[in-house]
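Q: Take 2 as the starting number for the sequence shown in our numbering and just add one per residue. Before anything else, here's the structure in question.
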Amino acid sequence: MASAEEEVRLRIHRDGPITFREFMEVALYAPGVGYYASRGAESAQRDYFTAPSVHPLFGALVAHQLQQFWEALGRPEAFWVVEPGAGDGLLCRDILSWLSHLDTSMAHAVRYVVTDRGSGLRVEQELPADLLPRVHRIRTAGLPLGPITGCIISNELLDAFPVHRVTVQGGRLREIYVGLDAQGGLVERLGRPSTPALEKRFRELGISLPEGYRTEVNLELASWVREVASTLERGFVLTVDYGHPATDLYGPTRSRGTLRCYYRHTLNANPYQHVGRQDISVHVDFTTLIRLGEPAGLQTLGFATQGEFLENLGFRAYLASLAARRDLHPAVRRNNQMAMEELVKPDGMGAFRVLAQGKGVGAPALHGFSRDNPLCQRLEAESGTLPVPMATKHHLAGRLWHG
């Protein structure tokens, strides 16, 4: 393929208008030309920031939650952590680095598997030598593993699953296809739904969309949940992403949908420009994710915003400990503080959602979903004296300092 856009045009010339789901699949994942497939994870992430890239405290606090998962499973000798869509592997590095500080027994029990469709996985950077054998890299779109005991964790993965786009015209659900105009430009065409699963999704949710409403439907969630449930013999699923319960996602304030594109840190709503060179994502329907999980054996254990989740894991205690570090250059302290606070901003990353599900683990009270928990109490008692993970050149705050 010469380019993602040429591949899209080729398919339309050959087959007629294609679903937006097919368009998005090509634009993001077509071998050699899709946004993620051609640029590599690290290059792609230069167009936007993720929580792990902002500050290592995100990974450190997730490590605290993983530690509780491990203990709830009886401290197994092999605790698998599988991170699909791992990108540049920064979350893996931060989690393992902090686990080696928190609990060396757990750190050596962890078998961390990072997978990604792209080619930018470089997890080995800055990992302690004794932890390198614990990390496995796989370039794949799926979960090519047998039943494991541990945790499947994803951060901003599901928002990049290809989606169908629909609207309501004349009281009927219509699907938005991608075609060509007389000049060969990409245009939207309306047609019958390509699959009855689209109308079924809204029936199952009990949602009736009004005339003219436009939105997205992620049908990939069903196969994703099945794959996760079959991979996990016993353990936890931790999903971090931007999204909403279905009543909010398909509410009146989002009548134009949630699709957004990022090109060189600039947000736009036009997926038909920079095809293959910009990120495309949509908000996640957490109601459907939860609903699909339950019959597959995935019990909902907690649902919160990212801000709440991190606060419950001791965010404020670490922030106070950073402020108490008089040995730091003021600019270093300031940059780290600003980046840490970015993780919990209510109008930013703090509004992301965190979902915890469990399989074969009962119903433990997870620290990340309860403000009054032993971990947070202990960390707050040590507030001002805790060691604090500091940004490196791989993080936003570290790049500001290192230049």
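We put the CB at the ideal spot given by N, CA and C, even for glycine.
Any chance the stretch 78-90 sits against the stretch 144-151, with 3 or more Cβ pairs inside 8 angstroms?
A: The stretch 78-90, when compared against the stretch 144-151, does touch it at the 8 angstroms Cβ threshold.
Q: Can you tell me whether DSSP reads K394 as helix, strand or coil?
A: It is coil, neither helix nor strand.
Q: For L387, I'd like the list of residues in its chain whose CB is within less than 7 angstroms of its CB, leaving aside the five on either flank, ordered along the chain.
A: A318, Y319, S322 and L380.
Q: Any idea which residues DSSP pairs G180 with across the strands?
A: Answer is V188, bridged to G180.
Q: Going by DSSP, which residues form a beta bridge with G296?
A: Per the sequence shown, the amino acid found at residue 296 is Pro instead of Gly. According to DSSP, which records beta bridges pairwise, P296 is partnered with nothing at all.
Q: Does the Cβ-Cβ distance between R354 and G244 come in under 7 angstroms?
A: Taking 7 angstroms as the Cβ cut-off, R354 and G244 qualify as a contacting pair.
Q: Measuring CB atoms only, is the stretch 346-362 touching the stretch 275-282, in the sense that at least three cross pairs come out at less than 8 angstroms?
A: Verdict: no, contact absent.
Q: Using only CA atoms, which one of S195, R372, W99 and Q69 lies nearest to R176?
A: Reading off the sequence, residue 176 comes out as Glu, not Arg. It is S195 whose Cα lies nearest to the Cα of E176.
Q: So, using beta-carbon positions, are L314 and H65 closer together than 7 angstroms?
A: Yes, Cβ-Cβ distance for L314 and H65 is below 7 angstroms.
Q: Considering just the uninterrupted stretch of the alpha helix (DSSP H) at H65, what are its terminal residues?
A: Segment L58 to A73, the alpha helix (DSSP H) holding H65.
Q: For Q1, is the classification buried or exposed, using 16 other Cβ atoms within 10 angstroms of its Cβ as the cut-off for buried?
A: Within the shown structure, residues of the chain are numbered from 2 to 404, placing residue 1 beyond reach of any answer.
Q: Mapping the DSSP letters down to three states, classify K346 as helix, strand or coil.
A: Three-state result, K346: coil.
Q: Just curious, the alpha helix (DSSP H) that Q279 is in, first and last residue?
A: Q279 -> no alpha helix (DSSP H), and no H or E assigned at all.
Q: Going by the DSSP bridge assignment, what does G244 pair with across the sheet?
A: In DSSP, G244 forms a bridge with V285.
Q: Would you kindly work out how many angstroms separate the C-alpha atoms of A392 and L67, rounded to a whole number?
A: Their backbone Cα atoms lie some 21 angstroms apart in a straight line.
Q: Taking the C-alpha atoms as reference points, what is the distance between E43 and D89?
A: For E43, the pLDDT reaches just 49, beneath the cut-off of 50, and the residue's location in the model is therefore unreliable, although a value from the coordinates is still provided. The straight-line gap from Cα to Cα measures roughly 5 angstroms.
Q: Based on the DSSP output, what are the partners of K360 in its beta bridges?
A: DSSP, once it has assigned bridges, lists G236 as partnering K360.
Q: Can you tell me which of D117, D131 and P134 puts its alpha carbon nearest to the alpha carbon of L158?
A: The candidate whose alpha carbon is nearest that of L158 is D117.
Q: Taking just the CA atoms, how far does L210 sit from R190?
A: C-alpha separation (whole angstroms): 19 angstroms.
Q: Rounded to whole angstroms, what is the Cα-Cα separation between S98 and L29?
A: Taking the straight line joining both Cα atoms gives about 31 angstroms.
Q: What residue from C377, R10, L299 and A52 has the CA that sits closest to L181's CA?
A: Comparing Cα positions, the closest option is R10.
Q: Secondary structure at F310, three-state DSSP: helix, strand or coil?
A: Note: F310 maps to helix in three-state DSSP.
Q: Would you mind reading off the limits of the alpha helix (DSSP H) that contains T267?
A: Counting along the chain, T267 falls outside any alpha helix (DSSP H), though it belongs to the beta strand (DSSP E) covering T267 to N269.
Q: Taking C-beta to C-beta, are L220 and E200 nearer than 7 angstroms?
A: Not closer than 7 angstroms, so no.
Q: What does a CB cutoff of less than 6 angstroms around F370 pick up in its chain, not counting 5 residues either side in sequence?
A: Closer than 6 angstroms at Cβ, skipping near neighbours: G303 and A305.
Q: Assign E1 to one of three DSSP states: helix, strand, or coil.
A: In the structure displayed, the chain extends from 2 to 404; residue 1 sits before or after that span and is not available.
Q: Give the straight-line distance between the Cα atoms of G359 and W225, rounded to the nearest whole angstrom.
A: Taking the straight line joining both Cα atoms gives about 15 angstroms.
Q: Can you tell me whether P18 is buried or exposed, with buried defined as 16 or more other CB within 10 angstroms of its CB?
A: Classification of P18: buried, given that the 10 Å Cβ count is 16 or more.
Q: Comparing alpha-carbon positions, which option in R255, L250, H275 and P77 lies nearest C262?
A: Nearest of R255, L250, H275 and P77 to C262, Cα basis: H275.
Q: For E212 versus V169, is the C-beta spacing smaller than 7 angstroms?
A: Cβ distance < 7 angstroms, so E212 and V169 count as in contact.
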